[in-house]
Amino acid sequence: MRKGIKMYVGGALLSAVGFVLMLFQIPLIPEANFLLYDPGDVAVLLAGILYGPWIGFLSVVIKNILYFIFKGAGGPIGILMNTIATGSFVVVPSIILRYRKNLLVPALLGGVAAKTLIMIPANLIFTPIYTGLPVAEVWRLVKIAVTPFNIAQGTINMLLFLLIYGVLEKYLRRIAG
Numbered sequence: 124m125r126k127g128i129k130m131y132v133g134g135a136l137l138s139a140v141g142f143v144l145m146l147f148q149i150p151l152i153p154e155a156n157f158l159l160y161d162p163g164d165v166a167v168l169l170a171g172i173l174y175g176p177w178i179g180f181l182s183v184v185i186k187n188i189l190y191f192i193f194k195g196a197g198g199p200i201g202i203l204m205n206t207i208a209t210g211s212f213v214v215v216p217s218i219i220l221r222y223r224k225n226l227l228v229p230a231l232l233g234g235v236a237a238k239t240l241i242m243i244p245a246n247l248i249f250t251p252i253y254t255g256l257p258v259a260e261v262w263r264l265v266k267i268a269v270t271p272f273n274i275a276q277g278t279i280n281m282l283l284f285l286l287i288y289g290v291l292e293k294y295l296r297r298i299a300g
């Protein structure tokens with residue numbers, strides 16, 4: 124199979140795995156029960172690390188479209204927010220590792236930081252539209268719930284990824300070509 128086709132097929136398969144993993148949701152912060160942890164980001168992060176930032180981001184988009192079609196939860200703005208958050212979590216380490224393969228943990232930490240930071244303005248822009256809350260209330264939520272949630276979610280997904288990748292790296296690299 125040609126490498127390009129193999130990359131797209133691999134990305135699509137990991138998108139499907141990410142979608143299935145998205146169905147297992149757990150609230151992490153009681154003050155914000157709309158913030159649900161799911162391990163779906165781990166699969167699309169794997170797509171980005173194995174196949175590059177473009178395939179990783181495309182996998183994020185496909186995973187979220189599947190979720191919207193089959194669950195509809197969160198509506199279009201929720202899916203957009205998840206795409207922004209997960210996209211930054213996947214693309215940043217994928218770009219770093221494309222040029223510096225020996226920086227796995229720092230690259231993943233960069234993904235957690237990028238996700239956390241980009242979601243501050245994203246929440247200030249989109250959450251008032253989605254919820255009707257005033258910006259001041261959203262800012263309070265960003266400080267006490269959203270930012271800690273993004274740090275926790277990113278860290279949990281990073282650790283899960285490291286566990287899976289550490290065990291399966293040689294096998295995954297062989298499959299990815």
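In terms of our numbering, the sequence shown is numbered consecutively and its last residue is 300.
Note that CB positions come from ideal geometry on N, CA and C, so glycine has one too.
Source: prediction; values computed, not measured.
Cβ shell of residue i (< 6 Å), same chain only, five flanking positions each side left out
i, result
"Ala170", "Gly134, Leu137, Ile178, Gly179, Ser182"
"Phe284", "Val165, Leu168"
"Met98", "With the chain represented from 124 up to 300, any question about residue 98 goes unanswered, as that position is not in the structure."
"Tyr253", "Ile200"
"Val215", "Gly233, Gly234, Ala237"
"Pro251", "Val258, Val261"
Nearest neighbour of residue i, chosen from the options [CA to CA]
i, options, result
"Leu232", "Pro153, Tyr222, Gln276", "Gln276"
"Leu286", "Gly195, Gly255, Pro162, Arg221", "Pro162"
"Lys186", "Leu144, Met130, Tyr294, Val215", "Leu144"
"Asn205", "Lys238, Ile152, Met281", "Lys238"
"Asn87", "Leu189, Ala139, Leu159, Lys129", "Shown here, the chain extends from 124 to 300; a query on residue 87 therefore has no answer."
"Pro148", "Gly127, Lys194, Arg125", "The sequence shown places Gln at residue 148, not Pro. Answer by Cα proximity: Lys194."
Coarse secondary structure for residue i, derived from DSSP in three states
i, result
"Pro150", "strand"
"Leu226", "coil"
"Leu158", "coil"
"Gly163", "helix"
"Pro251", "helix"
"Pro216", "helix"
"Gly195", "coil"
"Leu256", "coil"
Within 8 Å, strictly: CB atoms of residue i and residue j
i, j, result
"Phe212", "Val235", "yes"
"Leu203", "Phe157", "no"
"Leu264", "Ala155", "yes"
"Ile152", "Ala268", "yes"
Contact set for residue i: own chain, Cβ-Cβ below 8 Å, skip 5 residues either direction
i, result
"Leu220", "Ile172, Leu226, Leu227, Ala230"
Contacting residues, own chain, Cβ-Cβ under 7 Å from residue i (five flanking each side not counted)
i, result
"Gly210", "Phe180, Val183"
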